[in-house]
Every structure is written in structure tokens, then in C-alpha cells.
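Residue numbers (this note's numbering): 995 to 1382. Here a beta-carbon is modelled for each residue, glycine too, at the ideal position from N, C-alpha and C. Note that the coordinates shown come from a computational prediction; the quantities given were computed from them, not determined experimentally.
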Amino acid sequence: MTYGDNDPFELEAMIALRRDLHAHPELGFEEVRTSDIVANALESAGIAVTRGLGRTGVVGTLRVGDGGRAIALRADMDALAMPDLGDVPYKSATPNTMHACGHDGHTVTLLAAARHLARTRRFSGTVHFIFQPAEEGRGGAQAMLADGLLERFPIDAVYGLHNMPGLATDEMAVVAGPQLASSDSWEVTFHGVGTHGAKPHLGRDAMTAAAHFLTAIHTIVARRVDPLQPAVVSACAISGGDFRALNVIPDEVRIGGTARAYAADVRDQLEAEIGQLAAGVAAMFGIRASYGFNRRIPPVINDATATAAALAAARAATGKPVITDFPPSTAGDDFAEFGSRVPGCYVWLGNGPAVDGALHHNSRYDFNDAAIVTGARYWTALVEQELA
Ligand SMILES: [Zn+2]
Ligand SMILES: [Zn+2]
995 MTYGDNDPFE LEAMIALRRD LHAHPELGFE EVRTSDIVAN ALESAGIAVT
1045 RGLGRTGVVG TLRVGDGGRA IALRADMDAL AMPDLGDVPY KSATPNTMHA
1095 CGHDGHTVTL LAAARHLART RRFSGTVHFI FQPAEEGRGG AQAMLADGLL
1145 ERFPIDAVYG LHNMPGLATD EMAVVAGPQL ASSDSWEVTF HGVGTHGAKP
1195 HLGRDAMTAA AHFLTAIHTI VARRVDPLQP AVVSACAISG GDFRALNVIP
1245 DEVRIGGTAR AYAADVRDQL EAEIGQLAAG VAAMFGIRAS YGFNRRIPPV
1295 INDATATAAA LAAARAATGK PVITDFPPST AGDDFAEFGS RVPGCYVWLG
1345 NGPAVDGALH HNSRYDFNDA AIVTGARYWT ALVEQELA
């Protein structure tokens, strides 16, 4: 890779690298090739590298001057298990594996900024570049934390970025407060007493209990959660009985679904209310319900002070007004695992128009290389301002 003042972010090389990563996507915790490339690109810029955090995770550390403050910038590296139906020359060469969320772009954008910062060194303090594996539902952030990320690399603030189609590539959105919802799953099993379909009075019907539960569950958001607080409870799976035995009332009916919220207390409330409703409906029918709530990802909630820093950096990076009223999403990102432990801010970087209507997780999605320079400028400005 070459470097010059008129090309501070090595754009030609970085675009080539982004396309190379797009052509060679790897699923969560399998980012062996990608993390090798990342580690080598950091090391060759003189950045200290720690490998193997969260299996395939990489942390680059750059210390400049005697500033005591430390911040972390996080990029995710993983792809999704889906086909690449795009018609670009760098389309995925790996069957059923694709960078459909633009994490190839996140990786390269942070690398471009890290290499630039290692050359220019216009700050005083410590910056850790976190290259996280397995963001797409496989628990990469948790795995890095379990390997002692925050103990080994103490930080005062953490920053994340995600590409967003529909915003121009020189446009960013930075919003305080909730950005992404918590993403939890739950399961209820009604344990009745199976019997002949013709003689329901001889058993205890779990099927009818399940039906009552399914209609009553929507009263949680409608009647129990504060109407000014967003929340979603959805039942997404049900099983019980057998279509080859339509004269048998089954012993058990199992129901599962998702729960989403932006506030910690609403998240706690959903966990409690779903279980209470299941127990109440079961009691009504003289049966028992078992219940499990699996806390998967906390909400991403931007800290006010970190958001102010991000906003200033986004203004410096784009040279134009930053969108500050971008609506939150009910999707999730495990950046929340970092942001719920350390003050943090997660921002949106424009990816240009949605080409052929392709949005995140679409089989034709492609990170827009024109966004690399905006993102790298943002990371650079953030470090230079945060560690002034
Ligand atoms: Zn995604
Ligand atoms: Zn993503």
C-alpha cells in the first residue's frame, strides 16, 4: 500500500481491499483470512496487534503522547449465510456466504483510519481499534468481553458505525438516545394432559390454553407497557399435536417469539409480563406452563457526551449538517454489549441510494466504496477531537 498527502487514506488500495473482502466473505467466528489481513495491515502501519480475542477478533492499539484517556473504535468483520446474487466483478466466491450487511466496508473504513492515524499522530492518548467477529447473531461482542477485552484494554468511551442506504455517502446521522432495540427471545410450553379428541373432559387441553395465550399476549404492549415507550412482543413459532393424528389432544403445546424494547425497565417488564401471562392462562385451564426468556442483545443507547463528540466529528468529516433526527430501528447490533458497559455512540454512515432497492441483508447488497473516505475522515476527526 502506498501513502501520499493527496491520498491520506490510501483510497485506491483500500477500495481494492474492500472488494477483495467482498469476494472472500467469512461467517462469524470463521473470519480467519479477514482477521489475518486486518492484523497485517495494522502491523505494517506500526500499530500493536493483539489477536485471538473472541476467537477471530483483533485489537490494534495506538498510543501517542502522554494523554491518559483511552477510546475504542469498533468495526465488525463477518458476513451472512446467504447467496450473493449481485453482478459485480468482485461478487462472493464462497457459496452461500455474502457481505450483505456491508461489514466488509466497516472493516476497511476503520483500517484506513487506523493507518492514517498511525502516520499523522495528531492526538495524545490511546486508541484501540476493535475488529469484532460474529456480529450477525453469533455473539462476537460477548466472546471478546469473555476474553477480557475491557480488562485488557480499559477504555473511557466506545464508538461504532454502520452503513445506511438512503443517505448520501457524504452524509451521516448521529442521534442521542435509543438507536437499536434489545433483541431477546422467549419460549412458553403449556403442559396439559393429552387425551382423545372426542373426550376432552378426560384430559387438560393445552391447545386451548395456547390459543388464549396467543390472543392475550398482545395486551402486554397495549395495556401493560407505558404507551410512550416502544415495545414489540411477537409470537413467531408454535408446535403441538400431529396432523396425522387429528383425534388426539396433545400433552404439550410450545410457543416461541421475540421481544424488543429500547429501555432497560421495559425490557425487564416484557420478561416478567410474558411469563406472568403464561402462568395465569395455564392456571385458568388447570394446567402448568414453563417459561424461558433468553436475553440476547441489549438495546443500543447513545450516551449524551459520546454523542456530542461523535456529532462534532461527523460535522468535521462531512463538512455539512449532520442528521440528528434519524429514526431508531427495531433491528439489533451487539455493539450494545460494549455500549451498555462503557459510554458509547453508534452512528450511521450514508451508503448512497439503495441500488435496485437492495437494503441490508438483501442478496444484492453492496457497501458503497465512496463511503470509505467519509467514514475514515469521521474516525480520524473523532480520535483527534476526543484525544486532543
Ligand atoms: Zn446485519
Ligand atoms: Zn450489520
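How would you label residue i, buried or exposed, when you count the other beta carbons within 10 angstroms and need 16 or more for buried?
i: G1173; result: Inspection of the sequence shows that residue 1173 is occupied by Gln rather than by Gly. The residue in question, Q1173, is buried, as its Cβ has 16 or more Cβ neighbours within 10 Å.
i: G1286; result: exposed
i: M1158; result: buried
i: D1236; result: exposed
i: D1339; result: Per the sequence presented here, residue 1339 reads as Cys, with Asp not at that position. Buried, by the Cβ-count rule.
i: T1114; result: exposed
i: Q1270; result: exposed
i: D1178; result: buried
i: D1070; result: buried
i: V1187; result: exposed
i: R1261; result: buried
i: D1328; result: buried
i: A1382; result: exposed
i: D1363; result: buried
i: H1122; result: buried
i: T1301; result: buried
i: R1238; result: exposed
i: P1315; result: exposed
i: H1212; result: exposed
For residue i, which residues from the same chain have a beta carbon less than 8 Å from its beta carbon, with the 5 sequence-adjacent residues on both sides left out?
i: L1240; result: G1191
i: L1005; result: A1106, I1366 and V1367
i: E1331; result: A1135, Q1136, L1139, I1291 and P1292
i: P1347; result: P1159 and G1160
By Cβ distance below 6 Å, which residues in the same chain neighbour residue i in space, the five residues on each side in sequence not counted?
i: A1352; result: R1358 and Y1359
i: P1077; result: N1090 and S1357
i: A1370; result: F1003, T1103, A1106 and A1107
i: V1336; result: I1149 and V1152
i: T1183; result: E1246, R1248 and S1284
i: T948; result: Lying outside 995 to 1382, the shown extent of the chain, residue 948 is not represented and no answer is given.
i: M1008; result: V1102, A1106 and I1366
i: D1001; result: none
i: A1087; result: A1017
i: E1265; result: F1287
i: G1048; result: P1127, G1134, A1137, M1138 and D1141
i: G1250; result: E1181 and A1231
Nearest to residue i by CA position, among the options, is which residue?
i: S1228; options: I1243, R1218, E1246 and T1209; result: T1209
i: I1268; options: A1253, Q1379, G1280 and R1282; result: A1253
i: A1204; options: P1244, D1072, V1121 and R1309; result: P1244
i: H1185; options: H1195, D1199 and A1175; result: D1199
i: A1304; options: V1242, A1033 and L1155; result: L1155
i: I1317; options: D1220, A1167 and L1036; result: A1167
i: L1222; options: H1100, Q1126 and A1257; result: A1257
i: P1322; options: R1045, A1375, D1001 and A1255; result: A1255
i: D1297; options: A1064, G1080, V1169 and R1027; result: V1169
i: P1019; options: R1146, A1066, V1294 and C1095; result: C1095
i: H1206; options: S1233, M1278, D1259 and R1146; result: M1278
i: W1342; options: R1309, D1350 and S1334; result: R1309
i: R1132; options: H1212, L1144 and L1074; result: L1074
i: S1334; options: A1175, E1024 and F1023; result: A1175
i: T1050; options: S1233, R1027 and G1119; result: R1027
With residue i as the anchor, note down where its beta strand (DSSP E) starts and where it stops.
i: S1029; result: First-last for S1029: V1026 to E1037, but that is the alpha helix (DSSP H), not the beta strand (DSSP E).
i: M1008; result: Careful: M1008 lies outside any beta strand (DSSP E), inside the alpha helix (DSSP H) at L1005 to A1017.
i: H1206; result: Counting along the chain, H1206 falls outside any beta strand (DSSP E), though it belongs to the alpha helix (DSSP H) covering A1200 to A1210.
i: F1184; result: S1177 to H1185
i: I979; result: Residue 979 is absent from the structure shown; the chain starts at 995 and stops at 1382.
i: L1305; result: Note, L1305: premise wrong, no beta strand (DSSP E); alpha helix (DSSP H) at A1298 to T1312.
i: L1155; result: A1151 to M1158
i: L954; result: Here the chain covers residues 995 to 1382 and nothing more, so residue 954 does not appear.
i: F1125; result: G1119 to Q1126
i: Q1173; result: G1171 to L1174
i: G1234; result: G1234 -> no beta strand (DSSP E), and no H or E assigned at all.
i: F1287; result: R1282 to I1291
i: G1326; result: Note, G1326: premise wrong, no beta strand (DSSP E); not H, not E.
Along the alpha helix (DSSP H) that carries residue i, what are the first and last residues, could you check?
i: G1046; result: G1046 -> not in any alpha helix (DSSP H); beta strand (DSSP E) instead, spanning A1042 to L1047.
i: V1102; result: H1097 to T1114
i: V1260; result: A1258 to M1278
i: Y1372; result: A1365 to E1380
i: F1332; result: A1330 to G1333
i: E1246; result: Careful: E1246 lies outside any alpha helix (DSSP H), inside the beta strand (DSSP E) at E1246 to A1255.
i: G1134; result: G1134 to A1140
i: L1143; result: L1143 to R1146
Beta-carbon within less than 7 Å of residue i's beta-carbon, same chain only, minus the 5 sequence neighbours each way: which residues are those?
i: V1043; result: A1033, L1036, E1037, V1052 and G1054
i: H1355; result: L1074, A1094 and C1095
i: G1280; result: R1198
i: E1378; result: R1116 and F1117
i: G1202; result: Before going further, note that residue 1202 is Thr rather than Gly in the sequence given. Excluding sequence neighbours, T1202 sits near F1279.
Contact shell at 6 Å, judged by CB to any heavy atom of ligand 1, ordered along the chain:
C1095, E1130, H1354 and H1355
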